[in-house]
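Take the sequence shown: its letters are residues 177 to 279, numbered as in the numbering used here. First the structure, in the form of structure tokens, and then the observations on it.
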Amino acid sequence: MKKTIALTHPRLKPARLVDSIKHDIKKYLNRERRKALPAGMDYWTFDCRFGATEAAAEKIFTSEINAHIDAAVAQELPSFYVEILARACNHQPRVAADEAEEG
Numbered sequence: 177m178k179k180t181i182a183l184t185h186p187r188l189k190p191a192r193l194v195d196s197i198k199h200d201i202k203k204y205l206n207r208e209r210r211k212a213l214p215a216g217m218d219y220w221t222f223d224c225r226f227g228a229t230e231a232a233a234e235k236i237f238t239s240e241i242n243a244h245i246d247a248a249v250a251q252e253l254p255s256f257y258v259e260i261l262a263r264a265c266n267h268q269p270r271v272a273a274d275e276a277e278e279g
């Protein structure tokens, strides 16, 4: 998902519009998580970027998306850019970390 989202709408109140945007993003994340994983992969992770424009977008964590949307509303931005790209990953083995603590 690479999208510039407007924070103004002629008929919707800003609070309802923000709720709708957050719901759409959550729905997209859940839809991507339900997709079948490629062979040998454990889970889906997401590479996210957020900013006032595509050029100004910075890398963020998935858990920070709602906070950044709230900040954009507080700054009264007319729109913002959000990019969420799904990527299949493997969990890293914890054996090395356990051995480092013991040694």
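Here a beta-carbon is modelled for each residue, glycine too, at the ideal position from N, C-alpha and C. Every value quoted in this text rests on a predicted model; they were computed, and no experiment measured them.
Residue i vs residue j beta-carbon contact at 8 Å
i, j, result
"I241", "C224", "yes"
"L183", "A248", "yes"
"M177", "I245", "no"
"W220", "E230", "no"
"A262", "F222", "yes"
"L253", "A228", "yes"
"D218", "H185", "no"
Outcome for residue i when other beta-carbon atoms lying within 10 angstroms are tallied against a minimum of 16
i, result
"V258", "buried"
"F226", "buried"
"F256", "buried"
Collapsed DSSP secondary structure at residue i in the structure displayed
i, result
"E234", "strand"
"A228", "coil"
"K179", "strand"
"A247", "helix"
"R270", "coil"
"D200", "helix"
"L261", "strand"
Closer than 8 Å to chain B by CB, residue i
i, result
"E259", "Within the model displayed, chain B is absent; a lone protein chain is all it includes."
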